[in-house]
Structure formats: C-alpha cells, structure tokens
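Down below is the structure, laid out as structure tokens.
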Amino acid sequence: MRCLYVYWDVRLLTASYSREEDGVVVELYGKTREGKSIVVRYKGFKPYFYLVEPPSTILEKFSQDPEIYKMEEVELWHKGKVRKCVKVTLHSPWKTPRYRREALEFCDVLAADIPFHQRFIYDFDLGSCVRVYGKEEEKGKYTTELVVNAEKFENIGDFKPPLKILSFDIENSMKNGRIFTIGIAIWENGEIRKESIEGDEKDILWKFLEMIWKEDPDIITGYNIDGYDLELLSERYKKYGMDFLIGRDKSKPQRIVGQFWRLHGRVIEDAWWAVKKELRLKQETLQAVAMHLFGEGKLDVDRTNIDEEWEKDKEKVIEYCKKDAELALRILLQIGIINKYLDLATVTKFPLEDVIHSGTSTWVDSLLIREADRHNIGVPLQGQERKSRKIEGGYVHTIEPGLYHWVCVLDFKSMYPSIIIKYNICFTTLSKDGDIVSPTGVRFLSKEKREGLIPKLLAELMKKRDELKRKMKEDPDNRDYYNGLQKAVKILMNTFYGVLASSFYRFTNPDIGASITAFARDTIKRIIAELESEGIKVVYGDTDSVFFQSPYEDLENTIEFGMRKAEEISRREKLILEFEKILEPFFSHGAKKRYVGRIIWPDEEKGNMVVRGYEIRRTDSFDLQSEAQRAVFEKILDGDIQGAIELAREIVSKVRAGKVPIESLVISRTVKDFKFYKNPDSMPNVQAARKLIKMGQEFIPGMKVAWIVVNARGSKQDVEPYIPGMEFNRKPDYRYYARRVAETLARITDVFGVDEENLLTGSRQISLGAFGKEKKKKTLFDFE
DNA sequence: TGCCCTCGGGG
DNA sequence: GTGTACGAGGGCA
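According to the UniProt record's numbering, the first sequence is numbered sequentially starting from 1.
In structure tokens:
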C-alpha cells in the first residue's frame, strides 16, 4: 500500500456516481498523464438545492423528514434582488426530483436540476485535467489499472494522454438476429490492430465481454452502433440470461431515450453521429463516407443477403466485418472529432463525455453556474416550456440578382459575443434603470454600475482566444495544439449566443436574445447605409458580413481598398471587422441566401468556389437530380451561363421524353413494420413494400426498398418496386420526374430569370445574344 | 407559418 | 439518474 500524499494527474473522461452500503460515491474516470486508466472515487459529497423565501409550512415539513440531511439559511440574488433562501441538503441524489417537485408547490426553487456528477465538478471547481491527491485501493469491481480514493483535487494545465479506442461491428442474421461474428479494430499507440470473434453465439457474447475487460478501451465506437449494434447486443445478452457488463465498473450501458448510450467509465461515440456533426454529406453510409474520406470502400459482401453470404463464405464475411470496424475507426480518427471534443472539454471544464453527450446549453452551464455560485447569484431551473418564442434573427441584405466583379467580403469577428460585451448584455444587468437601451427597448445596466456575468465570461474567453492565437504564431512547434484550443474557444463563445437566442435557457429570456440580434441588425444596416452613402455598391450582406464592389478592377488596389474599409468601420463601430476575401466574379440572387463566387484573394484560397444555399437534401431524391445539378453548376462556374441554361432545359426535356436511364430515377427508403406508421397508406415506401410481398419477394421490416413513381397524379402517388437486375416494365411518370428535375435545376437557373415553369415548358427561343453563344461542349448529359 | 411526422445509419 | 437525441424535409392545417 502507498503512503499518503501521492498524486496522479488525470484527464477526465467520464463522471458518474454509484450507491454503496455506506453512502454515495462519485466516480471520476480518466487517463493519467502516463496513459493508465484510473477511477477516482470520492465519498461524502451530498446533493442540495435552494428554496427562495420559503413559507414555514414547507420548512416544517422538510425539517421532520429524515431524507433531508440539513437546512441552512443563505442569501442569493434572484429576480433582480438579494433574497433570503434556504439551502436544502439531501442524502441521496436520486431523491432530488421528488423534493424539488414538492418544494415547487410552495416557492421558487433554485439549482435543483443539475446532474449530481456535474454538481460535484462545479463545487470542486474541477477542470478537464486535475491533480488528484489520495490513496490507491484494491481494484474491486473496476477494470481500470488504478483505483484511487481521492482526498483533494488541484487544477492543472491540460494534457492529452494516449487514448485507446475500440471499434466494433456485428454481422447478424436478418431472419432471426443471431450474431455470426463481431469484427473489432483497436487504436492504440498510433496503430490499428484487428480481431474478430466467432463461434457459438453465447461464446461470442462472452468473448466480447472478456475482450472489453482485457483491452479496457476509453472510447467505444462503430458505425451506427447507437441505433443498431448496441441495441442488438443488449437483446442477445438478455436472450441468454447474460448481462452486458462493459462499463469500467462492470455495469451495463444505459440507453437515454432513443439512440444515445451512456456507460460508466467509457465514452460511447458513434462514428456515424460524428460524421453527421462534422461533415455535411448527402450520403452518410459507411461506404459513401469511406469513399469520400479515403477513396476506399467496404469489401464486397451483399449485406441484404447476409444469411446466404455467411453460409457461402464465412471467412469472407469475417474479413468484411473487420473491415467495417476498421473503417468506422479510421473515420472517427480522420474527422478529428475526439481531439476537437478534448479541446472543448478543456475550455468548458468538463469530462470528455459530458461535452459529447450533453446539449450545448450544458457547456455554458459549466462556466456560468460556477460564476453565479461565486457571486451568490441563484441558478434558476431550466425552463419547462418546450416551445421557444422565436426571436428575430440576423439581417439579410438583398439587391437585384446578377453578375458582379471585384467583390470585397468583410466579416465581423465574433459578432454576437462582441455585441454582448459591448452592450453589457446579461440577465444580471437587465434593469428598468439601465442606461443602455437596445433597439427593442430593453434596458441594461452599464458596466460601471454592474458588470454582467455573461459579458465578463465572454471577455475572458475572447482574451484567452487572442492569447492562444498569439501563441500559435510564436510557437510553431505547437501550432496545431493552440489552433485546436482557439477554435474550441470560438465554438464556446458562439454557443453562449446560441443558448441566449434560441430558447428558454435557465439564465435568460427571449428579451435578452432579441436585444442581441437587434443590436447586430442595427449595426450591419448602419454600415451598409454608410457604404452606400459613399457611393459604394453593396452587393450582399448577411447577419455579420457585408459584400461590396471595389471601385477598382485590379487585385492590388482592391486589397488596399478592402483593408482600408475594414479598418475604418472597425474603428467607428468599436467592433472588429475583418477583410475576409475577394470574389471575382460573384453571382448574386434575390431574396434567398444563395450565391456563387470564385475566390481570388487571399492566396491560400485562390481558385476555390464559394457555393451557398443551393443544395437540397430531400429524402426522396434520385440520382439524376444531383448529377444534373452538378453538371449545370460546372457550366456556371466556367462562366458559361447560356450553356448552363441550355443544359438545364436539355436535361429536363430528355427526362420528359423518357430518354434517361431508368436507374437514375430510383428512389429508395427504409420501411419499418407497417404497424409503426400512423398513416401507412399514404406512404410510397410502404406501398412499394406491400407490392414486393405480393410479387413473392422477401421483405423484412427495416429493409430498404427501392421504387419508381409510375403515376404521381391523383391523391397519392402510384409507385412500383424496382429490383436491380430485373427488367422494369412499367412506364415511369416522366412528367413527374421532369418536374422534380426542373425544380432542382431552377434553384440555380432562376438566378438568371429561368424558373421551373420555364425549364419545363422548354421554350428554346430565349435570347442568346445576352451572354453570347458558346460552343456546345461535351457534358455528363450527352445521353444520345 | 407552425406543428407533427419521418428519416437517417446498421444487418 | 438533480436526465430524456437531432436536424432537416415534407405534409397539412
């Protein structure tokens, strides 16, 4: 046994608590600087909350209740003034909701909805990396290398210990669910190693548990494990009367409504969700994402016929399964989400898991609750209202559509955070006596009278970000490290605005959010008006950016002009406006947020295209749409507008004439068990599945079905299943498809005055003179 | 315009 | 476990 005063430096990964015979123990799981897994235990912390000016009835009731450990009088600022409150401390965190509900019948209640482990973190003011002083204990139920009973904590600078990531994938029978194999890929010390588990299903399940205990991964991943593999595993363990004990304290993963799992000691991060959050892709299948990132796809196994494939060639399926686990792991690593969240954990002072699996409002809580506690400011409960009154957003400037040259783009640096700081906007400064009046008539106290908590925190973050950016330049060896952190600070600053604006966040109300956007709209409109009064053509503006035409038609003078304007306006507005880029040319549209441009400055981005607002992600899309859109875009970006319009017409008329490959019209979607649909008859996917069954084809709920629309007129669509390799002998509703394609392409061509109807009716006699006739080039759409 | 329903990924 | 996903699109009132 070690002596006292030993310490460990720990990066926190998860936090939770459990009940033991002699009380509740908070468990902080993490990794030491040396890379050892550790659980840090702390006993004796108790849950509490506050009653505001409570009537004696509730106090008497509570004072006789043995569940209540103690009650103390305190003073807290709440709803504009300091009030007498009572701090109620309980024995058991899981009983808090009951006492909160009871108390709410009598008075306002504060800080009664903070998860217990987070309450602990706030009260000990822990960061994401801590030095733990304590004593090492026997391992007991834990799978970690170290078990420590903590005596005290100290905050230390952040570090990134090596993390171990285990990715897995299951192949199972579509008919009866039986697991054939589990493929595993493990990331450790910069290398990936692959394993697989086969055999009798019960053996597989047991070996999987042993594998997790032995490998002791920090992060568990896989592709759509939240929605599929974890659920399936839970069921299969249950079927054999086994427990799915993969936690670091040998507990089960717990499903928190829908697809979202929590586990003591390990972070479950689904690679698919990571992809959704980080990349905005039209297709998010493992195949598509792997191709997109690595130019490398899955192995060749027909998973719609997995039972047959398994019978035919088990080795092949095992390889396929291992490959999927590996791809999911590489995707997770490639998109850098773990690093990003480690940086966010550092700036939000949270364990990794809390950053990943809690809403962004909780990130803000992490800083704001601590700050409120330090100032004896009451922490209100999160609003009960589900719906948020929508506040008015940013200002979007519009002018006539057209082609512009030498367009300077200026952007505000952290506009909303800057505005919050500049006007001292906070729930603590909201006051009828305020000297600062927002455009919506809401008043805030000036900084001299009372500095707001939120502006104070944001100013600190702003300063921290500037420091990090400075270090990035001064210390090129650690550039990536500082860059990651400064980006995380930026995300957190914007999150502050996000929670203030979007809903009933515990510390705010819509008046505050609306004031922020109103100040912002006033600012940008004022800037546009000033530029116009100087005779500068403002082309576009959106929320925190302004696009205007340079009076010069060369790069050097335009750069100089943009720089000068950015400086002038920044000085005048006392906000920082940055000269972001020059677009040459630039196509502006009408009211909607759509434009295209080619960057010619700064040099690093030279030649890149900026395309905004044209993509639509319909769930019933078919290949021809995206192919057509891409082809038309290529024309436009070459400057061949006339050619683009002609191509769009040509495609639409080809579709209407039925001169397109049938496969390009296939729409596909999954179909659940019919009983899950409120209105199954109205759904084309259900209709297709029913017809499949009638045709004697196999249909299993959850399967993806493909179909072609054969008649879209009438009250509901008639669709016909499409089976690859089988001849399709119905006639597609080409009018319907032509309309859909025209709708897609019109999003582009209506910028040039060619709308959906126009594309459809296909009158070819538009004036060719305007843009000059170009020679027809070979395109993707030379169907003949 | 706002609300409700559905989907996506996986086998 | 002091909790209860997520964002986007379509249909409909």
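Backbone N, C-alpha and C define an ideal beta-carbon position, used for all residues, glycine too.
In or out: residue i buried (at least 16 other Cβ within 10 Å) or exposed?
i: glutamine 717; result: buried
i: isoleucine 225; result: buried
i: aspartate 9; result: buried
i: glutamine 64; result: exposed
i: histidine 91; result: exposed
i: leucine 299; result: exposed
i: methionine 242; result: exposed
i: asparagine 172; result: buried
i: threonine 14; result: buried
i: glutamate 154; result: exposed
i: tyrosine 5; result: exposed
According to DSSP, residue i sits in a beta bridge with which residue or residues?
i: aspartate 603; result: Its beta-bridge partners do not exist; DSSP assigns none.
i: serine 167; result: Ala185, Thr221
i: cysteine 85; result: Val52, Val74
i: alanine 150; result: Gly134
i: arginine 669; result: Val705
i: lysine 31; result: Arg11, Ser37
i: residue 786; result: The structure shown has nothing for residue 786, since the chain only spans 1 to 784.
i: valine 611; result: Val596
i: leucine 249; result: Note that residue 249 corresponds to aspartate in the displayed sequence, not to leucine. None, per the DSSP bridge assignment.
i: asparagine 155; result: Val130
Have a look at the options and flag the residue whose alpha-carbon is nearest the alpha-carbon of residue i.
i: alanine 328; options: Val709, Pro721, Ile184; result: Ile184
i: proline 724; options: Glu743, Leu692, Val741, Ala712; result: Leu692
i: cysteine 85; options: Lys61, Ser16, Gly199, Gly378; result: Gly378
i: residue 791; options: Leu333, Glu326, Asp411, Leu367; result: Residue 791 lies beyond the range of the chain shown here (1 to 784); nothing can be said about it.
i: serine 570; options: Glu136, Arg598, Ile524; result: Ile524
i: aspartate 554; options: Leu531, Val539, Leu583, Arg572; result: Leu583
i: isoleucine 421; options: Asn494, His117, Ile536; result: Asn494
i: isoleucine 399; options: Glu532, Val267, Thr346, Cys321; result: Glu532
i: leucine 286; options: Cys321, Arg747, Gly336; result: Cys321
i: aspartate 373; options: Ile425, His397, Phe507, Leu485; result: Phe507
Helix, strand or coil for residue i per DSSP?
i: glutamine 697; result: coil
i: isoleucine 391; result: coil
i: leucine 445; result: coil
i: proline 585; result: strand
i: arginine 19; result: strand
i: glycine 562; result: helix
i: glutamate 451; result: coil
i: lysine 777; result: Below a pLDDT of 50, predicted positions are generally treated as unreliable, and lysine 777, at 28, falls in that range; the measurement from the model is reported next regardless. Looking at lysine 777 - three-state DSSP - the assignment turns out to be coil, as it is neither helix nor strand.
i: valine 6; result: strand
i: glutamate 278; result: helix
i: lysine 487; result: helix
i: aspartate 477; result: helix
i: glutamate 296; result: coil
i: histidine 406; result: A small fix is needed here, since residue 406 is tryptophan in this sequence, not histidine. Three-state DSSP puts tryptophan 406 in coil, outside helix and strand.
i: leucine 575; result: coil
i: serine 626; result: helix
i: asparagine 711; result: strand
i: lysine 727; result: The residue asked about is misnamed: residue 727 is glutamate in this sequence, not lysine. Three-state DSSP puts glutamate 727 in coil, outside helix and strand.
i: glycine 541; result: strand
i: asparagine 172; result: strand
i: isoleucine 400; result: For the sequence presented, residue 400 should be read as glutamate rather than isoleucine. The answer is coil: DSSP assigns glutamate 400 none of H, G, I, E or B.
i: phenylalanine 45; result: coil
i: glutamate 646; result: helix
Check whether the Cβ atoms of residue i and residue j sit closer than 7 Å, and answer yes or no.
i: alanine 112; j: arginine 100; result: yes
i: alanine 501; j: glycine 513; result: yes
i: serine 545; j: proline 401; result: no
i: alanine 150; j: glycine 134; result: yes
i: serine 431; j: leucine 445; result: yes
i: valine 132; j: valine 26; result: no
i: phenylalanine 548; j: cysteine 408; result: yes
i: alanine 518; j: serine 438; result: yes
i: phenylalanine 120; j: valine 88; result: no
i: arginine 730; j: glutamate 743; result: no
i: valine 671; j: alanine 706; result: no
i: lysine 46; j: serine 37; result: no
i: phenylalanine 116; j: tyrosine 223; result: no
i: valine 347; j: alanine 488; result: yes
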